[in-house]
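Position in the sequence shown (from 1) plus 182 gives the number in my numbering. Read the structure below first, then the notes.
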Amino acid sequence: VGTRFPGLEPGDIILLRDFVLEMTRTFPTGRIYIYGHSQGAFAALALANQFPRLFNGVVADSGGLPEMPIGGLRAVASVFIHAAGDPVIPYRLSVEGRDVLRQDGSTTTALLRTDAADHTPRAANVQQALLWCTGITTE
């Protein structure tokens, strides 16, 4: 059900992980949540899947689940945000991504559907998704 996305090579995930590790050394924090919009949503999910112990949550905004084995995402709170009328990436990709994670045993996956008809990230939606992830991971 996953979707291939251009521009992200396997080694890029390692580079992203190394960047996150460097940032946490520079700015220590107890929890790490990752956000991605559009192609970045695919990348954020791939990164959290490959390194689930590094992230407490992932917010995938207007993207979908990449084609990959998804076992790592069972351990990470995941929220898909998507506009029902998105003209760039179909809304169904977020629905399918959420459903695949649930079928794989994830109990910490949600979908935030918006009624917008565009492909624009909105801070209020991201904040709502991050609050949900925080609530899931601190209980």
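Glycine is no exception: its CB is placed at the ideal position from the N, C-alpha and C atoms. Here the structure is a predicted model, which is why all the values come from computation and not from measurement.
Asked	Found
Please state if the CB of F224 and the CB of P248 are separated by a distance shorter than 8 Å.	yes
For a minimum of 4 consecutive residues, which ranges assigned as the alpha helix (DSSP H) are wholly contained in the stretch 213-254?	221-232
Considering only the alpha carbon of each residue, which of Q285, V270, G254 and G246 lies closest to V261?	G246
Any chance the stretch 296-305 sits against the stretch 264-272, with 3 or more Cβ pairs inside 8 Å?	yes
Would you tell me roughly how many angstroms separate the C-alpha atoms of R207 and I252, rounded to the nearest one?	27 Å
Mapping DSSP to helix, strand and coil, what is R256?	helix
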